DNA sequence: TGACATGTACGCCAATGGCGTATATATACA
DNA sequence: TGTATATATACGCCATTGGCGTACATGTCA
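Residue numbers (my numbering), protein chains in the order written: chain B, 29 to 125; chain Y, 29 to 125.
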């Protein structure tokens, strides 16, 4: 793979580090390698069905994640972290759709 | 497809409507059919590279979305809506990874 | 002119989403 | 007992997407 993704990340980091603060609007975000969907859901005291309905996931997808059959891809992992850290915000925004 | 997804949604809605408020913890969320990634990004005054770095998307994926070559799947559309409505929260949470 | 940033464009492949269906278990209720 | 319901586990299937590489056009600035 030759680390091209890492190189790109470094390029972006240099972009960030290189200049003054005013130019560096953006911090580089690291996508978590894995998230514990079941733990997040149980902390919210929801059933699989409730959790799926509340955040717009297909029920089967939540089940696949929790059973380790599938791994949520990048965007889903990010969303799940937001749900973990700020569930009220997530629910509020998503319900206003 | 026979509308099985719709049926499940109805089942969940009945679950919600059936009981008292105390049991109905969860509102059913509708995943937006499409999101305007370019508009969201430009509102934040970011380049594609900045936007990707700030929220953990691969740059190529952002480009695919904006060019209409790919459509962000459900979880990504939800995340994008949160970025649209509460970018500060999204950045804050994701940076604390 | 050259270097660089930005954005468009396309090919490729493994992995996931999204769907169906079957099974197991616990609980509630007639 | 029997049966209905909720909850969760488990697996097969396939189209779509993510994630990667690469090339090209344009604009800007030194």
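Every residue, glycine too, gets a C-beta built ideally from N, C-alpha and C. All of these numbers come straight from a predicted model, not from anything done at the bench.
Straight-line Cα distance separating residue j from residue i
i: residue 108 of chain Y; j: residue 122 of chain Y; result: 13 Å
i: residue 77 of chain Y; j: residue 88 of chain B; result: 33 Å
i: residue 59 of chain B; j: residue 71 of chain Y; result: 23 Å
i: residue 66 of chain B; j: residue 115 of chain Y; result: 26 Å
i: residue 86 of chain B; j: residue 91 of chain Y; result: 26 Å
i: residue 55 of chain Y; j: residue 64 of chain B; result: 23 Å
i: residue 81 of chain B; j: residue 57 of chain Y; result: 6 Å
i: residue 113 of chain Y; j: residue 97 of chain Y; result: 25 Å
i: residue 95 of chain Y; j: residue 69 of chain Y; result: 13 Å
i: residue 102 of chain Y; j: residue 74 of chain B; result: 20 Å
i: residue 93 of chain B; j: residue 99 of chain Y; result: 22 Å
i: residue 79 of chain Y; j: residue 79 of chain B; result: 28 Å
Residue i, DSSP secondary structure in three states
i: residue 86 of chain B; result: coil
i: residue 65 of chain B; result: helix
i: residue 40 of chain Y; result: Reliability fails at residue 40 of chain Y, whose pLDDT of 43 lies under 50, so the model's placement of it is uncertain and the value that follows must be treated cautiously. It is helical.
i: residue 101 of chain Y; result: coil
i: residue 72 of chain B; result: coil
i: residue 128 of chain Y; result: Since the first residue of chain Y shown is 29 and the last is 125, residue 128 of chain Y is not available in this structure.
i: residue 118 of chain B; result: helix
i: residue 109 of chain Y; result: helix
i: residue 91 of chain Y; result: helix
i: residue 49 of chain Y; result: Because the pLDDT at residue 49 of chain Y is just 33, under 50, the model does not fix this residue reliably, and the point stays unresolved.
i: residue 77 of chain B; result: helix
Among the options, nearest to residue i - alpha-carbon criterion
i: residue 105 of chain Y; options: Y:117, Y:61 and Y:94; result: Y:61
i: residue 120 of chain B; options: Y:69, Y:110 and Y:99; result: Y:110
i: residue 118 of chain B; options: B:84, B:100, B:74 and B:75; result: B:84
Can you list, in chain order, the residues of the stretch 108-123 of chain B whose Cβ is nearer than 7 Å to any Cβ on chain Y? 109, 110, 113, 114, 117, 118, 121, 122 and 123
The stretch 88-100 of chain Y: which residues have C-beta closer than 9 Å to a C-beta of chain B, in chain order? 89 and 100
Residues, ordered as in the chain, of the stretch 53-82 of chain B that lie near chain Y by beta-carbon distance below 7 Å: 53, 54, 55, 56, 57, 58, 59, 60, 74, 77, 78, 81 and 82
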